[in-house]
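Novice:
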Amino acid sequence: MALIIDTIENAKALEGKEIGVSEWYLIDQDRINRFAEATDDHQWIHVDVERAKRELPIGSTIAHGYLLTALFPALAEKIVIFKGERAINYGLNKVRFKQMVPSGSRVRLRSILKSARKRAGALQIILESTMEVEGQSKPACVAETIALYFV
Numbered sequence: 000m001a002l003i004i005d006t007i008e009n010a011k012a013l014e015g016k017e018i019g020v021s022e023w024y025l026i027d028q029d030r031i032n033r034f035a036e037a038t039d040d041h042q043w044i045h046v047d048v049e050r051a052k053r054e055l056p057i058g059s060t061i062a063h064g065y066l067l068t069a070l071f072p073a074l075a076e077k078i079v080i081f082k083g084e085r086a087i088n089y090g091l092n093k094v095r096f097k098q099m100v101p102s103g104s105r106v107r108l109r110s111i112l113k114s115a116r117k118r119a120g121a122l123q124i125i126l127e128s129t130m131e132v133e134g135q136s137k138p139a140c141v142a143e144t145i146a147l148y149f150v
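Just so we're aligned, residue 0 is where the sequence shown starts under numbering that gives the first Met the number 0, counting upward by one.
Below is the structure:
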């Protein structure tokens, strides 16, 4: 069940703390192919299963790094809900792709509330977001995600 934050004070009290971990989420070849179609990124390491088996050291296609970042909002919504009339994604800081995600892997999002402050009439939240891969010790992606919530 998601943590609910409805005031700036509630958010500030959680600064520096882990606020949750999402459920595991499957990254299969169909999802990778649909992302390739949506973004026109058809690089063979993502979509050519046979070539990836032959030429990639892991013997599999891999998810696009930007597919992982595109999943941040949906997975974060399972961790924490910020009550408000409107919310907007404000951007990302310090994005790093640290590990390949082979097709068929499961990922999950771990979030730490890095900062909460008033900005432009809203609650600005910066989360330290880590995309973990099941069975791997090194995360696939680490980024600071920024959102504005009009509470």
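Built from N, CA and C at the ideal position, the CB exists for glycine as well.
Note that the coordinates shown come from a computational prediction; the quantities given were computed from them, not determined experimentally.
1) Could you check what DSSP says for Gln123 in three-state terms: helix, strand or coil?
2) Which first and last residues belong to the alpha helix (DSSP H) in which Leu70 is found?
3) As a quick exercise: from Asp40, Gly58, Thr38, Arg50, pick the residue whose alpha carbon is nearest that of Pro101.
4) Tell me which same chain residues have a C-beta within less than 8 Å of the C-beta of Lys113, skipping the five on either side of it?
5) Work out the CA separation of Thr6 and Arg95 for me, nearest whole Å.
6) Which word fits Thr38, buried or exposed, when buried means at least 16 other C-beta atoms lie within 10 angstroms of its C-beta?
7) List the whole-angstrom C-beta distance separating Ala1 from Lys77, where the pair is believed to meet the contact cut-off of C-beta under 8 Å.
8) What does the alpha-carbon distance come out to for the pair Asp27 and Ala119?
9) Among all the DSSP beta bridges, which residues are the ones paired with Gly90?
Specialist: Reading off the structure:
1) strand
2) 64-76
3) Gly58
4) Glu14, Gly15, Ile125, Leu126, Glu127, Glu143
5) 31 Å
6) exposed
7) 6 Å
8) 39 Å
9) Ile145
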